[in-house]
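K.L.:
Protein chains in written order, with my numbering: chain R, 16 to 351; chain G, 31 to 335; chain B, 434 to 734; chain W, 285 to 798.
#1: What does the Cβ neighbour count give for residue 199/G, buried or exposed, with the cut at 16 atoms within 10 Å?
#2: Just to check my reading of the structure: residue 751/W and residue 586/W have Cβ atoms closer than 8 angstroms, yes? What is that Cβ distance to the nearest angstrom?
#3: Just the Cα atoms here: how many angstroms apart are residue 282/G and residue 179/G?
#4: Does residue 330/G get closer than 8 angstroms to chain R when you measure Cβ to Cβ?
#5: Give the interface partners of residue 520/W over in chain B, defined as CB-CB distance under 7 angstroms, in chain order.
#6: Considering only residues of the same chain and omitting the five flanking positions on each side of residue 115/G, which have a CB-CB separation below 8 angstroms?
#7: Opposite residue 775/W in the DSSP bridges: which residues?
#8: Do the region 140 to 149 of chain G and the region 323 to 330 of chain G touch if we need at least three Cβ pairs shorter than 8 angstroms?
#9: Just how far apart, CA to CA, sit residue 525/B and residue 97/R?
#10: Which residues of chain G have a Cβ atom closer than 7 angstroms to the Cβ of residue 689/W, listed in chain order?
#11: From the DSSP output, in three-state form, read off residue 137/G for me.
#12: Looking at the unbroken alpha helix (DSSP H) that takes in residue 65/G, where does it start and where does it end?
#13: My assumption, with CB atoms under 8 angstroms, is that residue 605/W sits in contact with residue 767/W. Please give the rounded CB distance.
#14: Looking at the strands, I want to know which residues DSSP matches up with residue 646/W.
#15: Please report whether the beta-carbon of residue 108/G lies at a distance below 8 angstroms from any beta-carbon of chain W.
#16: Is residue 228/G helix, strand or coil by DSSP?
#17: Going by the beta-carbon positions, is the gap between residue 414/W and residue 337/W smaller than 8 angstroms?
#18: Taking 8 angstroms as the CB-CB cut-off, is residue 277/G touching chain B?
#19: Pull out every residue of the region 174 to 189 of chain R whose Cβ sits closer than 8 angstroms to any Cβ of chain G, in chain order.
#20: In this structure, does DSSP put residue 163/G in helix, strand or coil?
#21: Which residues in chain B have a C-beta closer than 7 angstroms to the C-beta of residue 545/W? List them in chain order.
#22: Should residue 318/W go down as buried or exposed, given a rule of 16 or more other Cβ atoms within 10 Å for buried?
#23: For residue 80/R, count neighbouring Cβ atoms within 10 angstroms of its own Cβ and tell me buried if that reaches 16, exposed if not.
#24: Could you tell me whether the Cβ of residue 501/B comes closer than 8 angstroms to any Cβ of chain W?
#25: Give a yes or no on whether the minimum CB-CB distance between residue 733/B and chain W is below 8 angstroms.
#26: Between residue 721/B and residue 682/B, what straight-line distance do the alpha-carbon atoms span, to the nearest angstrom?
#27: Using the Cβ count rule (16 or more neighbours within 10 Å means buried), how would you classify residue 729/W?
#28: If we count the other Cβ atoms within 10 Å of its Cβ and call it buried at 16 or more, is residue 459/B buried or exposed?
#29: What does residue 493/B touch in chain W if you count any residue whose Cβ is under 9 angstroms from its own?
#30: Is DSSP giving residue 458/B helix, strand or coil here?
#31: Counting only Cβ pairs nearer than 9 angstroms, list the residues of chain G close to residue 802/W.
#32: Could you check what DSSP says for residue 137/R in three-state terms: helix, strand or coil?
#33: Going by beta carbon distance, what residues of the same chain come within less than 7 angstroms of residue 705/B, once the five residues before and after it are set aside?
#34: What residues in its chain sit with their C-beta under 6 angstroms from that of residue 639/W, if we drop five residues either side in the sequence?
#35: Give the straight-line distance between the Cα atoms of residue 731/W and residue 406/W, rounded to the nearest whole angstrom.
#36: Report yes if the CB atom of residue 674/B is closer than 8 angstroms to the CB atom of residue 617/B, and no otherwise.
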């Protein structure tokens, strides 16, 4: 990987307190993203991937709290920044796109105003006409035709795809370094999906944008991202270059996921579903959390949490890694 | 937009017409005003003569027809009790009522909205607790109960404000407080729940993503959306405030339309009752219409195509 | 509430436009205790209503002119009124009639208003316009004015009072349920059932109604509070229940004349009324959370 | 732990109510509400029509005596005294009443007062177009009125009427002929009334206030206070609060229960004077099938009630015992020698058994909401103790008048009699004589006495005649007299004013600041 990573996440832990008390939803998560590269965060819903993104920007719901860990962005730990400082980064250095484009825009404000806001906030552009001019430029950058007329229309007058483009425009308006995408295309139909992904790819290439792409659609991840991190029950169980991981998944859960994905699955024909369901947050089993559903689980799996094995830029947390891949894997650390 | 306005105006006119018809018929069931206009010793014959003079012996439908024709000319008839034009008597009582209703509404919004917003932003905090007590207490007792309480406290015990009457702004404070607290309770509760909903919305989260300061997110984005249902609620309240202020007006001797109606019904003064009810209905319907238009301005999704 | 259709003409929604899953309200300790107390007060009130005489230390109608205007004492906890009757016993006795009236009104207004609202919401068109016009008329002609005129016209009996109070509150039921049905009607599961060839009546009964019952119950509880308050206001204007019937509103109205000489005659029923309305409103909140969490939480306004 | 919302609500309510119930602030005695030139009077209701000939007497009583004059008027105790007329003679046959008029009297608009105005005033009352509420009192009585010269009028009657002068004093308000005839419509006079009284009309803000100011051209002694402002406060407790807070100088119709608290206030002076109106239960005794037709039953209903206890508790002692429907405060015609029926439930039960109702009977009684409800409930309770189960039917005062004036308020009804002419004939004629508007009673001997007394104009003879009538009505149990309620006023201690005895009329001719 070229140069120091743009974003380095170390043992990030986040919990949500509900009526039953605090529940850990992001547990000792670590990964990193270099400038211009894109990382896919995949896993079933409820695995904590969205919460990870939210934690990076410290935009947790009222009941959420970051328990520990570090999030180094350009070497600076975002978790210790005062609120005023992190607020200056949001929308300027780090952007984020949400899943449901339909409700991401304020229904009673024009597109122009919602775009102009960013310029006023971060670049101190007082003059309204100047803001409108920049807004048109931002809309054109996301391939929206007739941008000038769009400024005075309202969100409900636009299609889903169009709205997602506006969200992207808003996020890239101030040329951020990192763009978090929380399942940006799930709510869109296939053709629009490809257009949005194509747009993101182009922006990444032109602007050296680092992208974290949260999705449960492995096919999209493979087509779009460079690296992948598979999450299960709040933890990362496997990371590495996406081609290598999808070709030969080290962790049984990753293998199961791939088997469930249509084209990518090794065995054509019947799709293999992974039996059982992920543990509910707060009632996590001892040892490897996937053990109860793992077909190749051994005694040790359900007693001790697997070590973190590391080889050829790949890593996975599963006792069976040495056995499954005839490659000398180095133990990096043992985690609780 | 124009077609919609015309359609709504037609609907409003029908509503007012219905209201006038209902009152016109029902009040004639209450009793015969000649009993009050003539001394007890008057014979039935005297009453028959007077009824004929007043045109009350004609069938109700005929009377209603004549009344509508009169109404078209803007003539509400002569008040039996005051021997003054009924329209003038009703109009005379309108400013105090509008003043009281608006003051109560300003209080309701001025107290209700901030309390509601604060309670939504800091759920479970002291502000939230106080806000909810204020709201629940506000609607837990009839306004006249507060009126009596306020008079004892602020006029007698601490003698800051007059016990009643009309004229200076000081007279307006207590009645508006008594009526306003009742309305503020509703506004506070509605704003709190509506704001709580909106704060959970995606676009509020997105606003934060844009790096906007918290108060900007709250005021520019969340509040404007949260106030939409409050606008509808307030219009309903304003209608109730005009008619419903009767008990407050009675306690504070406030010369509004509520008390005028209360006295006129008791004195069987048909023409003034009809004039006053027509006026309140017209005002309510007008306000309803104005708010509909305003609603469309605030919320672009509402087009009156 | 109305979902946000992407385009086309949209009738002005009667309720908040945003149809969002509300934040799950955290039930802090304070709120649970308060709901418990509300439950306690409601049980006490129901007990007073059903087995009143047991809790009444004296006969509420017994007159003792020598004991006029006795302040609250060990013997008379709430003191006595102008002709020596025990105020506590009268407050307990008044519970029955107040609850009876409130119950009838809420049932009638809920039933009629609910049906009108569901009909208007589901069938739309002429029925919707008619119901909405009637609702407008009911609002344009404030309840108290209607009450005054009707009391004069048809006299002041219990049924008339219930009629007047029902006329004053049916519109709220109609308006809210219409909104509910409007949003339900566009839901997929209704379209599916219609595709399966179900008749309108069947859909109404089996699908629409069960879904709105939750709203109806919650609204009924909250509306009960305002009915009690409105009855008290009517009594203040001399339009409430007539003797020998007694209601809280009647006791307050009668007692207001003696605020100077004997404050307890007015304050004690006033406190009872406030406690009851407080409890009923809190119960409404609790029911709303349990029965239909997705319900627009502004119902409590 | 943060106290729960519920407990805080209770705390809040308790604090609020306890604070409010401490002793009211002392009234600011000695300081006029506005200034030394103004008297602010709080009335319970607004006088609707300001035309004294058209307004019902309960309304005209509030202002008429200050703005208008009559030929003869009533002094504070109800005795007749000359006003615009100097003297009054009655012809031997009682059919002709002639008056010599005062000279040098002018109306508020400067027009001189002459006999033409008196003739016009009476004829205006008789003319149906005016819709005058006084018409029935004169229409079958007065045949004609002539004005031989500028200072004398002669009225011819169809039959002798001993109380004619009282009726002239109570109903015949004098209005200016030229001014009134020039007005566009009969109703116009009400909007700008002109009279000869010490105060002239300034402004009437409907629902808010009625303002009068001193008429400098007044023929009599000019009143001390220049302006009078009437304010309308319907809620009894608010009226009391207004005077306590010093916003008004004089409050009328103060409730009995408020008098106790006001008395403890040295800033105020409380005046309780006999109201002149008999609070009684009217009995429909004509119907032979009704138990009330039986004298013993009527007496039983009288014996069953402890009137003194009711007066002490319900009316806080501010009422005097009543033996018949003519209270003792009348200037003449009352019968002080009568003793009220004592409280004797035993005798009452015995009378009921004697009358054939050992176990009592069921009935109902109308109760106008304007009276103190405790009285109604107490009487019904007392009757209940002797087996008479009476349902108390509370009814709005206006609705009650409608049925009470047309013999529909049977079988029993609480009622009262205001009397603007201070002569018992108005009450006796109305409720005892066979043809009375409020009479369902028929006693031939008493009827003969009434017919005879109507034409007697000599005061002593009328007084003796009425005493005999009252003795017989009490003896026959014609009604159930309860009490003569006091009229209570509260005024600033610096104000010097005395209310009219036995009447509702307000006169400020002698009012002054100390």
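Think of the CB as a built atom: it goes at the ideal place given N, C-alpha and C, for glycine as much as any other residue.
Source: prediction; values computed, not measured.
P.N.:
The structure says:
#1: Position 169 of the second chain, counting from 1, holds the residue named residue 199/G. Residue 199/G should be labelled exposed.
#2: In the fourth chain, residue 751/W corresponds to position 467, counting from 1. In the fourth chain, residue 586/W corresponds to position 302, counting from 1. Not confirmed; about 19 angstroms, so no contact.
#3: Along the second chain, one-based indexing puts residue 282/G at 252. Along the second chain, one-based indexing puts residue 179/G at 149. Approximately 12 angstroms, taken between the alpha carbons.
#4: For this step, residue 330/G is matched to residue 300 along the second chain. Yes, residue 330/G lies at the interface with chain R (some Cβ there is under 8 angstroms from its Cβ).
#5: As a working mapping, residue 520/W is identified with position 236 in the fourth chain. Going along chain B in sequence order, the residues near residue 520/W (Cβ under 7 angstroms) are 690.
#6: As a first step, residue 115/G is located in the second chain; it is residue number 85 there, counting from the start. 105, 106, 107, 108 and 109.
#7: On the fourth chain, residue 775/W is found 491 positions in, with the first residue counted as 1. Residue 775/W is bridged to 534/W and 553/W.
#8: no
#9: Taking the first residue of the third chain as 1, we reach residue 525/B at position 92. Taking the first residue of the first chain as 1, we reach residue 97/R at position 82. For residue 525/B and residue 97/R, the distance between alpha carbons rounds to 60 angstroms.
#10: Taking the first residue of the fourth chain as position 1, residue 689/W is located at position 405. Correct list: 65 and 70.
#11: Position 107 of the second chain, counted from the start, is the residue given in the question as residue 137/G. Looking at residue 137/G - three-state DSSP - the assignment turns out to be helix.
#12: By one-based count along the second chain, residue 65/G stands at place 35. Start and end: 64 to 67.
#13: Translated into the one-based positions of the fourth chain, residue 605/W becomes position 321. Translated into the one-based positions of the fourth chain, residue 767/W becomes position 483. Indeed they touch by this definition, with Cβ atoms about 6 angstroms apart.
#14: Position 362 of the fourth chain, counted from the start, is the residue given in the question as residue 646/W. Answer is 673/W, bridged to residue 646/W.
#15: On the second chain, residue 108/G is found 78 positions in, with the first residue counted as 1. Closer than 8 angstroms to some Cβ of chain W, the Cβ of residue 108/G qualifies, so yes.
#16: Counted from its first residue, the second chain places residue 228/G at position 198. Here residue 228/G sits in helix by DSSP.
#17: Residue 414/W sits at position 130 when you count from the first residue of the fourth chain. Residue 337/W sits at position 53 when you count from the first residue of the fourth chain. In this structure, residue 337/W lies closer than 8 angstroms to residue 414/W by Cβ.
#18: Looking up residue 277/G in the second chain gives position 247. Yes, its Cβ sits closer than 8 angstroms to a Cβ of chain B.
#19: 182, 185 and 186
#20: As a first step, residue 163/G is located in the second chain; it is residue number 133 there, counting from the start. Three-state DSSP puts residue 163/G in a helix.
#21: Within the fourth chain, residue 545/W is the residue found at index 261, counting from 1. Result: 693 and 694.
#22: Position 34 of the fourth chain, counted from the first residue, corresponds to residue 318/W. Classification of residue 318/W: exposed, given that the 10 Å Cβ count is below 16.
#23: Counted from its first residue, the first chain places residue 80/R at position 65. Result: exposed.
#24: On the third chain, position 68 is the one that residue 501/B refers to. It does; some Cβ of chain W falls within 8 angstroms.
#25: The sequence position of residue 733/B within the third chain is 300, counting from 1. A caution first: residue 733/B carries a pLDDT of 36, below 50, which makes its placement in the model too unreliable to give a value.
#26: The residue you call residue 721/B lines up with position 288 of the third chain. The residue you call residue 682/B lines up with position 249 of the third chain. Distance between the alpha carbons of residue 721/B and residue 682/B: 27 angstroms.
#27: One-based indexing of the fourth chain puts residue 729/W at position 445. Residue 729/W should be labelled exposed.
#28: One-based indexing of the third chain puts residue 459/B at position 26. With a pLDDT of 47 at residue 459/B, under the threshold of 50, the modelled position of this residue cannot be trusted; read the value that follows with caution. Residue 459/B is exposed by the Cβ-count criterion.
#29: Within the third chain, numbered from 1, the residue matching residue 493/B stands at position 60. Simply none; closest approach about 11 angstroms.
#30: On the third chain, position 25 is the one that residue 458/B refers to. With a pLDDT of 45 at residue 458/B, under the threshold of 50, the predicted position of this residue should be treated as unreliable, though the coordinate-derived value follows. If DSSP states are grouped into helix, strand and coil, residue 458/B belongs with coil.
#31: Absent from the structure is residue 802/W, since the part of chain W shown begins at 285 and ends at 798.
#32: In the first chain, residue 137/R corresponds to position 122, counting from 1. Three-state DSSP puts residue 137/R in a helix.
#33: Residue 705/B sits at position 272 when you count from the first residue of the third chain. 524 and 681.
#34: Reading the fourth chain from its first residue, position 355 is the one you call residue 639/W. Within the same chain, residue 639/W has close Cβ partners 578, 580 and 581.
#35: By one-based count along the fourth chain, residue 731/W stands at place 447. By one-based count along the fourth chain, residue 406/W stands at place 122. Cα-Cα distance, rounded: 30 angstroms.
#36: As a first step, residue 674/B is located in the third chain; it is residue number 241 there, counting from the start. As a first step, residue 617/B is located in the third chain; it is residue number 184 there, counting from the start. Cβ distance not < 8 angstroms, so residue 674/B and residue 617/B don't count as in contact.
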